[in-house]
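Asks:
In the working numbering, the protein residues as written are 487 to 741.
Printed below as a string of structure tokens:
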């Protein structure tokens, strides 16, 4: 695995340079959920760690679709894809998935590179991102947005198989922009970062997830998976302001 990195990064790149694995619990879940013929969508791909892992488990001609709106990171991501010989098996889009097509403001920090968000600065701080310094240097850039429905139509993706969504509090908007393809995806398996304080209506967002995905599991940092029914269950399952959740329309392998 070859990754092009920003050496200023104090999160993903630092872990990798020290020889540790980034989010091993998420990599393990994705690997277990994957089927060889799946197409994998990495929404909020960052440096592409999870996409590179999935490339070894998927056999399709072009199974990887990576979305990274941060221009600096998207450039590194494209170089990473090419360095690993995945240019013909991947589509890298420097666009933010949302609930509408157009433009939006992305707030980013030089470190950590994974902290860029479409939320405003005050919202980011309120959402519980202790690793971000609100008084530190930040930059606002204008990025293109589109919906997952529009993207799937443009790329002839009739249905979704396996999706990872980690977009720093914008997950509810991504889901709102994929209602069409969701209806056509009876076997969709999704791993999503749920940030409790980031959404205007967290209860409503959770209700949307429960309506669409009958199988839901919170993934702990040690890799444990626990079934969750209510938003209260999810809050009780984590000491943090966010949780990684498996949302599946079919029973997962460990069920």
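Think of the CB as a built atom: it goes at the ideal place given N, C-alpha and C, for glycine as much as any other residue.
In whole angstroms, what is the alpha-carbon distance linking residue 638 and residue 667?
Replies: For the purposes of this step, residue 638 is taken as residue 152 along the chain shown, with counting starting at 1. For the purposes of this step, residue 667 is taken as residue 181 along the chain shown, with counting starting at 1. The alpha-carbon atoms of residue 638 and residue 667 are separated by roughly 7 Å.
Asks: Pull up the distance between the alpha-carbon of residue 679 and that of residue 685, whole angstroms please.
Replies: Along the chain shown, one-based indexing puts residue 679 at 193. Along the chain shown, one-based indexing puts residue 685 at 199. Roughly 12 Å between the two C-alpha positions.
Asks: Give the straight-line distance between the Cα atoms of residue 586 and residue 580, rounded to the nearest whole angstrom.
Replies: In the chain shown, the residue the question calls residue 586 occupies position 100. In the chain shown, the residue the question calls residue 580 occupies position 94. Answer to the nearest angstrom: the Cα atoms are 16 Å apart.
Asks: Applying the 10 Å Cβ sphere with the 16-neighbour rule, what's the burial state of residue 628?
Replies: Numbered from its first residue, the chain shown carries residue 628 at position 142. Answer is exposed; the Cβ neighbour count stays below 16.
Asks: Excluding the five sequence neighbours on either side, which residues of its own chain have a C-beta within less than 7 Å of the C-beta of residue 549, listed in chain order?
Replies: Walking along the chain shown from the start, residue 549 turns up at place 63. Here the set comprises 524, 525, 526 and 575.
Asks: Exposed or buried, residue 711, counting other C-beta atoms within 10 Å across all chains shown (16 or more means buried)?
Replies: What you label residue 711 is simply residue 225 of the chain shown in a count that begins at 1. By the neighbour-count definition (other C-beta atoms within 10 Å, threshold 16), residue 711 is a buried residue.
Asks: DSSP three-state label for residue 582, please.
Replies: Residue mapping note: residue 582 aligns to position 96 of the chain shown, counting from 1. Three-state result, residue 582: strand.
Asks: Drop a sphere of 10 angstroms on the beta-carbon of residue 641, count the other beta-carbons inside from all chains shown, and report buried for 16 or more, exposed for fewer.
Replies: Walking along the chain shown from the start, residue 641 turns up at place 155. Result: exposed.
Asks: So, at 6 Å on beta carbons, what are the nonlocal neighbours of residue 764 in its own chain, with the 5 sequence-adjacent residues on each side left out?
Replies: Outside the shown range of the chain, which is 487 to 741, sits residue 764, and nothing can be said about it.
Asks: Tell me whether residue 674 sits in a helix, a strand or coil according to DSSP, three-state version.
Replies: Taking the chain shown and counting its residues from 1, the one referred to as residue 674 is at position 188. If DSSP states are grouped into helix, strand and coil, residue 674 belongs with coil.
Asks: In whole angstroms, what is the alpha-carbon distance linking residue 720 and residue 714?
Replies: Within the chain shown, the letter at position 234 stands for residue 720. Within the chain shown, the letter at position 228 stands for residue 714. Rounded to the nearest angstrom, the two C-alpha atoms are 6 Å apart.
Asks: Leaving out the 5 sequence neighbours to the left and right, which residues in its chain are closer than 6 Å to residue 692 when beta-carbon positions are compared?
Replies: Counted from its first residue, the chain shown places residue 692 at position 206. 717.
Asks: Tell me, which residues are paired with residue 733 by DSSP?
Replies: Here residue 733 corresponds to residue number 247 of the chain shown, with the count starting at 1. Answer is 676 and 702.
Asks: Which residue or residues does DSSP assign as beta-bridge partners of residue 551?
Replies: Within the chain shown, the letter at position 65 stands for residue 551. Beta-bridge pairing links residue 551 to 527 and 577.
Asks: Buried or exposed: where does residue 555 fall if 16 or more other Cβ atoms within 10 Å of its Cβ makes it buried?
Replies: The sequence position of residue 555 within the chain shown is 69, counting from 1. Label assigned to residue 555: buried.
Asks: Over what stretch of residues does the alpha helix (DSSP H) that includes residue 558 continue unbroken?
Replies: Position 72 of the chain shown, counting from 1, holds the residue named residue 558. Its alpha helix (DSSP H) spans residues 557-569.
Asks: With residue 628 as the anchor, note down where its beta strand (DSSP E) starts and where it stops.
Replies: Counting from 1 along the chain shown, the entry for residue 628 is found at position 142. From DSSP, the beta strand (DSSP E) with residue 628 extends over 625-632.
Asks: Rounded to whole angstroms, what is the Cα-Cα separation between residue 652 and residue 735?
Replies: Residue mapping note: residue 652 aligns to position 166 of the chain shown, counting from 1. Residue mapping note: residue 735 aligns to position 249 of the chain shown, counting from 1. Answer to the nearest angstrom: the Cα atoms are 19 Å apart.
Asks: Nearest-angstrom Cα distance between residue 705 and residue 724?
Replies: Here residue 705 is taken as the residue at index 219 of the chain shown, counted from 1. Here residue 724 is taken as the residue at index 238 of the chain shown, counted from 1. If you take the alpha carbons of residue 705 and residue 724, they lie about 9 Å apart.
Asks: Bridge partners for residue 588 per DSSP, in chain order?
Replies: Along the chain shown, read from residue 1 onward, the residue named residue 588 stands at position 102. Bridge partners of residue 588: 631.
Asks: Looking at the secondary structure, which residues open and close the alpha helix (DSSP H) in which residue 741 lies?
Replies: Locating residue 741 in the chain shown gives position 255, counting from the first residue. Run containing residue 741: none; DSSP gives neither H nor E here.
Asks: Go ahead and pull the three-state DSSP assignment for residue 648.
Replies: Locating residue 648 in the chain shown gives position 162, counting from the first residue. If DSSP states are grouped into helix, strand and coil, residue 648 belongs with the strands.
Asks: For residue 630 and residue 572, what's the separation of their Cα atoms in angstroms?
Replies: The residue you call residue 630 lines up with position 144 of the chain shown. The residue you call residue 572 lines up with position 86 of the chain shown. Taking the straight line joining both Cα atoms gives about 24 Å.
Asks: Should residue 572 be flagged as near chain D, meaning a C-beta pair shorter than 8 Å?
Replies: Absent from the structure is chain D; it holds one protein chain and no more.
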